[in-house]
Amino acid sequence: MALLPARSTVVLPLIAMCSAGCGANEEPSPGEPSPLDVPQMEIIIPFEARVGSQPFACGQTYKGLGTTGTEYQPQDFRMYLHDVRLVSDTGQEVAVSLTDDGMWQAKNAALLDFADKTGLCSNGTAETNARVVGKVPMGNYRGLRFRVGLSQALNHQDVTLEPAPFGDTSLYWGWKSGYVFLRVDGRTTGLPGGYFVHLGSIDCATPPAGQPWGSAGCDFPNRAEISLEGFELEKSRVVLDVAALLADSNLDVNSDTPDTSLGCMSQKEDPDCAPVFKNLGLSLDKQKPSSGVQTFIRVE
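Going by mature numbering (1 follows the signal peptide of the UniProt record, and there is no 0), the letters in the sequence shown line up with residues -24 to -1, 1 to 276, in that order.
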């Protein structure tokens, strides 16, 4: 499952009716469908959280994680995603219009939540969400693509004024950094206080002049792009594997680098972030994009 080095601009079937010489305001020929008439279908994309071969669940203890094979007890597991696209059987990207539901999805972004406030999981809500719902034009699709996190526009806003799923302060770092895109926390044998993975944009500019919120951009956006070839609607599911994310990390010892957090909180100076970022397909070097393939998310 390789990350896409760049997105290409595509044109949907039935919408791209004009040739190169077609006028901008030309009406469709008689008998041809207007873009507004393209039939839509509702889709559900199921997600499943796992720890290796086992289902993820708060209150459970998992053995054999990381480079030391430590025991791991979950404390949190939530992730934002946006820019969801399906890939047609002709290779075209088709944007999915996410359904606003007042709790998990809004503004074409979604929050996946696998922590139900049992066991050591104390953040978020008792309710969980393991699916993304939306609409696409009728068609045949063979792939799924999306970005982990929130868009630049959504990432820097007043969390205290935002509705669900953007109003949880436990998924927010502060006005200059924005939201925590991915939060995977767990207690280990060596770190009973917790080993934390918090992914988000860092080194972000202050708000534009005259604006209390927003940002002129971040040096490290840290929005992993996921490409899942072979995904089929009503047949496939997307697996998020905590064991795969942490496979190359020593979860029993925290780096002694000054001014870094327990685990990885997206600090480029933190050696603990290197293996986590590699398994997300991200780079901690602004001048050198990641050459690795993400292993955290797969399709089954």
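C-beta: ideal position from N, C-alpha, C; glycine also. Quick caveat: nothing in here was measured; it's all calculated off a predicted structure.
Might you give, ordered along the chain, the residues of its own chain that have their beta carbon closer than 7 Å to the beta carbon of residue i, omitting 5 neighbours on each side?
{"i": "residue 245", "result": "233, 236"}
{"i": "residue 35", "result": "94, 95"}
{"i": "residue 179", "result": "194, 195, 196"}
{"i": "residue 67", "result": "none"}
{"i": "residue 278", "result": "Limits of the chain in this structure are -24 at one end and 276 at the other, which puts residue 278 out of reach."}
Rounded C-beta distance between residue i and residue j? I'm assuming under 8 Å.
{"i": "residue 162", "j": "residue 19", "result": "The Cβ separation is near 32 Å, so there is no contact."}
{"i": "residue 62", "j": "residue 72", "result": "6 Å"}
{"i": "residue 228", "j": "residue 94", "result": "So it is not a contact: roughly 25 Å between Cβ atoms."}
{"i": "residue 191", "j": "residue 132", "result": "4 Å"}
{"i": "residue 74", "j": "residue 108", "result": "7 Å"}
{"i": "residue 60", "j": "residue 122", "result": "4 Å"}
Compare the beta carbon distance of residue i and residue j with 8 Å and say whether it is the shorter of the two.
{"i": "residue 175", "j": "residue 96", "result": "no"}
{"i": "residue 26", "j": "residue 125", "result": "no"}
{"i": "residue 213", "j": "residue 138", "result": "no"}
{"i": "residue 254", "j": "residue 239", "result": "no"}
{"i": "residue 258", "j": "residue 204", "result": "no"}
{"i": "residue 32", "j": "residue 218", "result": "yes"}
{"i": "residue 130", "j": "residue 185", "result": "no"}
{"i": "residue 182", "j": "residue 211", "result": "no"}
Skipping 5 residues on each side, what residues in its chain have a beta carbon closer than 6 Å to that of residue i?
{"i": "residue 99", "result": "52, 146"}
{"i": "residue 106", "result": "23"}
{"i": "residue 82", "result": "76"}
{"i": "residue 157", "result": "56, 124, 125, 175, 176"}
{"i": "residue 215", "result": "24, 26, 274, 276"}
{"i": "residue 243", "result": "236"}
Could you name the residues of the same chain whose beta carbon sits closer than 8 Å to that of residue i, not counting the 5 residues immediately before and after it, in chain order?
{"i": "residue 114", "result": "14, 15, 16, 17"}
{"i": "residue 231", "result": "246, 247, 248"}
With 8 Å as the threshold, decide whether the Cβ of residue i is near any Cβ in chain B.
{"i": "residue 191", "result": "As a matter of chain content, chain B is missing from the structure shown, which is built from one protein chain."}
The ligand GDP and residue i: does any heavy atom of the ligand fall closer than 7 Å to the residue's C-beta?
{"i": "residue 72", "result": "Absence of the ligand GDP is noted for the structure shown, with no ligands found whatsoever."}
* Answer yes if the stretch 208 to 226 comes into contact with the stretch 36 to 43, meaning at least three C-beta pairs across the two stretches below 8 Å, and no otherwise. => yes
* Minimum length 4: unbroken alpha helix (DSSP H) runs contained in the stretch 116 to 194 -> 128 to 131
* To do: Write down every uninterrupted run of the beta strand (DSSP E) in the stretch 44 to 113 whose length is 3 residues or greater and which is fully enclosed by it, in chain order.
  => 46 to 64, 69 to 71, 85 to 89, 107 to 113
* Taking only runs of the beta strand (DSSP E) that begin and end inside the stretch 195 to 250, which ones reach a length of at least 3 residues, in chain order? -> 201 to 205, 214 to 217
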